[in-house]
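Asks: So the sequences go chain by chain: S and A.
Count along the first sequence starting at 1, add 907, and that's the number in the numbering used here.
Count along the second sequence starting at 1, add 907, and that's the number in the numbering used here.
Protein chains: 2
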Amino acid sequence: MGCDVAFAPQEEEIYPEPQEYKLHPPARLADILEGQVRPGFFTGVCTVVLKLFHAVQPDAAVFGKKDYQQLLVIRSMLRQLMLPIKLITAETVRASTGLALSSRNGYLTDAQRSEAAQLNSVLTKAVAEVKAGRTDWDKLEREASDALSAHGWLVDYVAIRRQSDLALPLTGDRLVVLGAARLAGSRLIDNLEI
Amino acid sequence: MGCDVAFAPQEEEIYPEPQEYKLHPPARLADILEGQVRPGFFTGVCTVVLKLFHAVQPDAAVFGKKDYQQLLVIRSMLRQLMLPIKLITAETVRASTGLALSSRNGYLTDAQRSEAAQLNSVLTKAVAEVKAGRTDWDKLEREASDALSAHGWLVDYVAIRRQSDLALPLTGDRLVVLGAARLAGSRLIDNLEI
């Protein structure tokens, strides 16, 4: 990949003993959406990212928009903990079908990978509706969720939120639509900024 | 003091916004003794020390034995968070009366400062008893506590613990005796390794 050095530690190097010190992010950012479906998830993310930062002492760190909530949680962590690290945001890379690339796609069969593109399609449709002027967020979210369910997905959430902190949108906020759903046992997430 | 540079930030520099990300130390170290009397105290200590470490990026940090529990909490934090900082331990500095030096002593009148030395005297007596072979920790702690109460102190705790993690002592453990008590509204702490 044109990379000079990769630090890819084994689990035992990062957790030589049970992790007892934990970095707790605030509930308003961390207990919603992904954190509601996976309690404690962002405490684990913050703690291990903090450890990696200490081990590597980087000048900059790249996080992708595909894990949109993680990006926001880490951005606030850097600021709140006075970490002198520049956060670089990377756009989501997609297949020609629109499917966001992810190591998890490897668990999908060809037929499932084809169906997986529906997640992006449904979010894209929601974006178009918002751009056309709709502001009935609840109904829009339900329509998107129902469209996935009709295709056999088990939907965790489809949510239209404001970009800055994923709170419920107020007039004038810049928006993002986020979705998480399971297809044949694989849990996929995606999002689109509006 | 022969120091070249001092970083002594104002509160607004360290907390420009409410602190929402917090470093939680484990209950076994942080919810006993000082943490039992002052709930959440070591979460605040760990969080602000972590921020200062990020701001300063020190090669080494000096912590005094007077705040013995804090020293243990910070030592484990360094290890568990993979912070590349050498911890240097400083012995407690004492007045000729045995009183551990502390900025808090400034709140005491001359008469109170004289009485304050009792805390060290009582701990010194407990050390002597342990060295003489006593292992009835509960009774020893109660005697020390009663001696302070008889002098008008309000005792938070006198505790004989093992040095490594402040757990209840087992045979062969290296010990430390710790005390915290209030004298005329000033809360003083001290400890002696055995």
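C-beta atoms are modelled at their ideal positions from N, C-alpha and C, and glycine is treated no differently.
Predicted, not measured: the structure shown is a model, and the values here were computed from it.
Going by C-alpha distance, which of Ile992/A, Thr996/A, Gln964/A and Ala967/A is nearest Leu979/A?
Replies: Thr996/A
Asks: To the nearest angstrom, report how far apart Lys973/S and Asn1012/S are at their CA atoms.
Replies: 13 Å
Asks: For the alpha helix (DSSP H) containing Glu1100/A, name the first residue and the last one.
Replies: Where Glu1100/A is concerned, there is no enclosing alpha helix (DSSP H), although the beta strand (DSSP E) it sits in stretches over Ser1093 to Glu1100.
Asks: Which bits of chain B does Ala962/A rub up against, with CB to CB less than 7 Å?
Replies: In the displayed structure, chain B is absent; the protein chains listed are S and A.
Asks: Hey, is Gln1025/A's beta-carbon within less than 8 Å of any beta-carbon in chain S?
Replies: no
Asks: For Asp938/A and Ser1009/S, I'd like the C-alpha separation in whole angstroms.
Replies: 42 Å
Asks: What are the residues of the segment 908 to 922 of chain A that lie near chain S, defined by any Cβ-Cβ distance shorter than 9 Å?
Replies: Ile921
Asks: According to DSSP, is Phe960/S helix, strand or coil?
Replies: helix
Asks: Who are the near neighbours of Trp1044/A in its chain, counting only those whose CB is closer than 8 Å to its CB and skipping five residues on each side?
Replies: Leaving aside the five residues that flank Trp1044/A on each side, the residues in its chain whose CB is nearer than 8 Å to its CB run, in chain order, Ile1067, Leu1075 and Pro1076.
Asks: For a test of the three-state rule: what should DSSP assign to Asp1017/S, helix, strand or coil?
Replies: helix
Asks: Which ranges would you report for the alpha helix (DSSP H) in the segment 1024 to 1079 of chain S if only whole runs of at least 4 residues count?
Replies: 1044 to 1057
Asks: Comparing alpha-carbon positions, which option in Val1000/S, Gly971/S, Leu1015/S and Ser1003/S lies nearest Leu994/S?
Replies: Gly971/S
Asks: Are there three or more Cβ pairs, one per stretch, closer than 8 Å when the segment 1028 to 1036 of chain A is compared with the segment 1048 to 1065 of chain A?
Replies: yes
Asks: With DSSP collapsed to three states, give me the class of Arg945/A.
Replies: Arg945/A falls in the coil class under three-state DSSP.
Asks: Less than 8 Å between CB atoms is the rule here; does Tyr928/S satisfy it with respect to chain A?
Replies: yes
Asks: Using the C-alpha atoms, what's the distance from Asp911/A back to Glu941/A?
Replies: 33 Å
Asks: What residue does the beta strand (DSSP E) around Val969/S start on, and which one ends it?
Replies: Per DSSP, Val969/S belongs to the beta strand (DSSP E) from Ala967 to Gly971.
Asks: Please state whether the Cβ-Cβ distance between Met984/A and Ala962/S is less than 8 Å.
Replies: Between Met984/A and Ala962/S, the gap from beta carbon to beta carbon reaches 8 Å or more.
Asks: Do you know whose CA, among Arg935/S, Leu959/S and Gln1070/S, lies nearest Gln917/S's CA?
Replies: Leu959/S
Asks: So, Asp1097/S versus Gly1079/S, is the Cβ gap smaller than 8 Å?
Replies: Contact flag unset, no.
Asks: Start and end of the alpha helix (DSSP H) containing Ile939/S?
Replies: No alpha helix (DSSP H) holds Ile939/S; DSSP gives it neither H nor E.
Asks: Quick one, are the C-beta atoms of Val952/S and Gln977/S less than 8 Å apart?
Replies: yes
Asks: Taking His1058/A as the query, report the chain S residues whose CB atoms sit under 8 Å from its CB, ordered along the chain.
Replies: Within chain S, not a single residue places a beta-carbon under 8 Å from that of His1058/A; the smallest gap is close to 38 Å.
Asks: Counting C-beta neighbours from all protein chains within 10 Å, is the total for Pro946/S 16 or more, i.e. buried, or is it exposed?
Replies: Label assigned to Pro946/S: exposed.
Asks: Could you work out which residues of chain S lie near Leu1082/A, taking near to mean beta carbons separated by less than 7 Å?
Replies: Under the 7 Å cutoff, chain S gives no residues; its nearest Cβ is about 23 Å from Leu1082/A.
Asks: On the DSSP bridge list, what partners appear for Leu1090/A?
Replies: DSSP links Leu1090/A through a beta bridge to Ser1093/A.
Asks: Verify the CB distance criterion: does Ser1071/A have a CB-CB separation below 8 Å to chain S?
Replies: No Cβ of chain S is located within less than 8 Å of the beta carbon of Ser1071/A.
Asks: Does the Cβ-Cβ distance between Leu930/S and Tyr928/A come in under 8 Å?
Replies: Contact: yes.
Asks: For Arg1099/A, which option in Glu1050/A, Ser1056/A and Lys1038/A has the closest C-alpha, if you only look at C-alpha atoms?
Replies: A small correction: the amino acid at residue 1099/A is Leu; Arg does not occupy that position in the sequence shown. The shortest C-alpha separation from Leu1099/A is found at Lys1038/A.
Asks: Does DSSP put Thr999/A in a helix, in a strand, or in coil?
Replies: Thr999/A carries a coil assignment under DSSP once its states are collapsed to helix, strand and coil.
Asks: How many Å lie between Tyr1014/A and Phe914/S at the Cα?
Replies: 52 Å
Asks: Taking DSSP's pairing of strands, which residues face Leu866/A in a bridge?
Replies: In this structure chain A extends from 908 to 1101, so residue 866/A is not present and cannot be described.
Asks: Would the C-beta of Ala1051/S count as close to the ligand GTP, meaning under 7 Å from any of its heavy atoms?
Replies: As for the ligand GTP, it is missing from this structure, which has no ligand bound.
Asks: Considering only C-alpha positions, which residue in the set Arg986/A, Gln987/A and Gln1025/A is nearest to Ala1002/A?
Replies: Gln1025/A
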